[in-house]
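Student: I'd like to ask some things about the structure below.
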Amino acid sequence: TRSSRPQRMLAHVKRHAARGDPQSVIDAIDYFCRHKEWAMNVGDEKGTILDSVVCEVSPGAVLELGTYCGYSTMRIARLLAPGARLITLEFNPANAAVARQVIAWAGLEHKVQLVEGSSGDLIPQMREKFGIDSFDLVFLDHWKDWYLPDTRLMEELGLLHKGSVLLADNVICPGAPEYLAYVRSSPRYDSRYFKSHLEYTYVEDGLEKSVFPGASAGSRP
Ligand SMILES: O=C(NC/C=C/[C@H]1O[C@@H](n2cnc(C(F)(F)F)c2)[C@H](O)[C@@H]1O)c1cc([N+](=O)[O-])cc(O)c1O
Ligand SMILES: [Mg+2]
82 TRSSRPQRML AHVKRHAARG DPQSVIDAID YFCRHKEWAM NVGDEKGTIL DSVVCEVSPG
142 AVLELGTYCG YSTMRIARLL APGARLITLE FNPANAAVAR QVIAWAGLEH KVQLVEGSSG
202 DLIPQMREKF GIDSFDLVFL DHWKDWYLPD TRLMEELGLL HKGSVLLADN VICPGAPEYL
262 AYVRSSPRYD SRYFKSHLEY TYVEDGLEKS VFPGASAGSR P
């Protein structure tokens, strides 16, 4: 049967990127998506905003929702300090299989834990199964109508601490209106929009960065 777009992207990486060189893998994917076949990676323009937030937070524990082909996984992992952990969740086994190979080609597999399943099932297992107490940074890039329920779930499970940062892709295109309304209106978050463009296009899109000031915020004085 015909190969999938992620499989063709992986083949392009293996042909054009150097093993163990994350930047060359990132560049190869950007080239493929810009000049051969568009794909829904966060991309180079929003990717530099992601990079700057990762460097600012310098997180010890990161959760990524939506691995897809591993592009943003690599952008985050290449900036992590030794010992810092990135857990990335992927629902689609075929995408996970491609992402594992992309991450391995970049030589970043020792920094990344790719887990297959749904966020609703896996987020409640973070403590018992992955020994995570809370996340310093969460990158939301999975199904857009899951951003809000998964954020509420993380709040309720105490997986966000004072200063935890949520960074959400696509808040304009395709859009995550309920999530955006929530983080912008809730006294529980200090939220800021980073205007950019939809990956590899001139369409407006952006990232929303929301800092969780702590469970006490927004409660009655
Ligand atoms: O739909 C978009 N993204 C959806 C992304 C979906 C990806 O996240 C995975 N996932 C689902 N649940 C989980 C979890 F976490 F539960 F395990 C992981 C899906 O299997 C898929 O690989 C999108 C669309 C456009 N666009 O322009 O249409 C642009 C973008 O940047 C996008 O991110
Ligand atoms: Mg996205």
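To get our numbering, take the position in the sequence shown, counting from 1, and add 81.
Glycine included, every Cβ here is placed at the ideal spot set by N, Cα and C.
#1: Using the beta-carbon count (16 or more within 10 Å), is Asp202 buried or exposed?
#2: Indicate the three-state DSSP secondary structure (helix, strand or coil) for Val292 in the structure shown.
#3: Can you pull every residue whose C-beta falls closer than 6 Å to some heavy atom of ligand 2, listed in chain order?
#4: Give the straight-line distance between the Cα atoms of Phe216 and Met90, rounded to the nearest whole angstrom.
#5: Tell me which residues share the same chain as Leu279 and place their Cβ nearer than 6 Å to its Cβ, disregarding the 5 neighbours each side in the sequence.
#6: Within this structure, are the beta carbons of Ser153 and Leu167 separated by less than 8 Å?
#7: Under the assumption that Ile213 contacts Asp231 (Cβ atoms under 8 Å), give the Cβ distance between them as a whole number of angstroms.
#8: Just verifying my parser: in three-state terms, what is the DSSP assignment at Trp168?
#9: Report the CB separation of Val252 from Val292 in whole angstroms; it is logged as a contact under 8 Å.
#10: At a cut of 8 Å, does the region 183 to 196 reach the region 216 to 225 through at least three beta carbon pairs?
Tutor: According to the structure shown:
#1: exposed
#2: strand
#3: Met121, Val123, Asp222, Asp250 and Asn251
#4: 30 Å
#5: Cys254 and Asp286
#6: no
#7: With 8 Å as the limit, Ile213 and Asp231 do not qualify as a contact, their Cβ atoms being about 15 Å apart.
#8: Note that residue 168 corresponds to Ile in the displayed sequence, not to Trp. Ile168: strand per DSSP, three-state reduction.
#9: Contact doesn't hold; Cβ gap of about 15 Å is too wide.
#10: no
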